[in-house]
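Residue numbers (our numbering): 214 to 471.
Glycine included, each C-beta is placed from N, C-alpha and C at the ideal position.
Heads up: the structure comes next, in structure tokens.
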Ligand code: KIV
């Protein structure tokens with residue numbers, strides 16, 4: 214197991230894990246200085262391409278973004294989100310994960326699902342590919358509106374089965390998305406690998422959010438999204454200044470000319 218992954222697993226019950234998304238080098242560089250895990254998430258489909266579903270994201274898009282992100286990541290663990298229809302069976306999952314690792318030098322891949330994908334996780338791990346799981350609301354398979362899960366007995370039993378299946382088959386961690394607090398707390402205490410929550414309460418071993426959301430670059434109104442800054446406003450004021458200086462011929466002065 215690679216050193217960085219061991220370090221992340223050791224954080225369980227000691228120090229919270231910080232995970233954020235990045236889709237390109239410049240943001241990756243900033244995130245890398247603070248995060249334990251940088252995730253090239255297929256959320257880029259909605260954030261950058263306005264897709265109404267992550268199912269439209271394909272492998273070549275993910276590869277190009279991950280190559281850019283790799284240039285900005287030095288110390289964090291770099292995780293590549295396998296997009297929809299790239300891990301339908303063991304050989305497809307292995308072929309595409311190997312391609313992702315070879316071309317982008319990512320450290321691990323993420324797959325959505327629990328019991329349903331346990332044989333795939335097992336196959337990847339046996340072939341030395343570290344896997345981060347993802348259960349709860351899984352955007353590649355969700356139909357209709359996003360809602361939290363884990364309130365009913367059936368749902369909570371299924372989530373616990375999913376988490377245990379991923380742990381048993383060698384995942385090094387699990388993203389818990391939109392899961393009712395009591396159940397994410399229970400899952401976190403039942404398994405030995407870390408849980409990383411997104412809308413799954415403070416009880417998880419770490420938290421992940423979409424960087425563009427926390428920066429205020431998206432219009433996201435999802436309950437769990439906290440906007441830490443309105444970076445759009447700051448960018449807007451810089452662009453407005455540039456525009457004014459161009460119009461008034463204040464830019465470029467001699468300093469900026471040859
Ligand atoms: O695609 C993504 O960015 C994700 C995280 C939000 C967990 O799956």
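Per DSSP, cross-strand counterpart(s) of residue i
| i | result |
| --- | --- |
| residue 346 | 387 |
| residue 323 | 294 and 345 |
| residue 422 | 233 |
| residue 252 | 234 and 292 |
| residue 410 | 389 and 420 |
| residue 362 | 392 |
Inter-residue spacing [alpha-carbon to alpha-carbon] between residue i and residue j
| i | j | result |
| --- | --- | --- |
| residue 345 | residue 399 | 19 Å |
| residue 233 | residue 251 | 5 Å |
| residue 389 | residue 446 | 32 Å |
| residue 285 | residue 273 | 19 Å |
| residue 433 | residue 405 | 33 Å |
| residue 418 | residue 225 | 6 Å |
| residue 471 | residue 465 | 10 Å |
| residue 221 | residue 450 | 39 Å |
| residue 275 | residue 467 | 43 Å |
| residue 294 | residue 469 | 42 Å |
Close-in-space but distant-in-sequence residues of the same chain around residue i (CB under 6 Å, 5 per side omitted)
| i | result |
| --- | --- |
| residue 154 | This structure cannot settle anything about residue 154, because the visible part of the chain is limited to 214 through 471. |
| residue 420 | 410 |
| residue 413 | 389, 392 and 397 |
| residue 441 | 427 |
Own chain, CB closer than 7 Å to residue i, minus 5 neighbours either side, in chain order
| i | result |
| --- | --- |
| residue 396 | 363, 369 and 372 |
| residue 333 | 300, 303, 306 and 324 |
| residue 278 | 236, 237, 253 and 257 |
| residue 261 | 236 |
| residue 340 | 307 |
| residue 244 | 233, 235, 251 and 424 |
Spatial neighbours of residue i in its chain, beta-carbon cut-off 8 Å, leaving aside the 5 residues before and after
| i | result |
| --- | --- |
| residue 384 | 334, 338, 344, 345, 346 and 406 |
| residue 439 | 422 and 427 |
| residue 239 | 285 |
Exercise for the section: Could you tell me whether the region 287 to 303 touches the region 314 to 325, using the rule of 3 or more Cβ pairs below 8 Å? Expected result: yes
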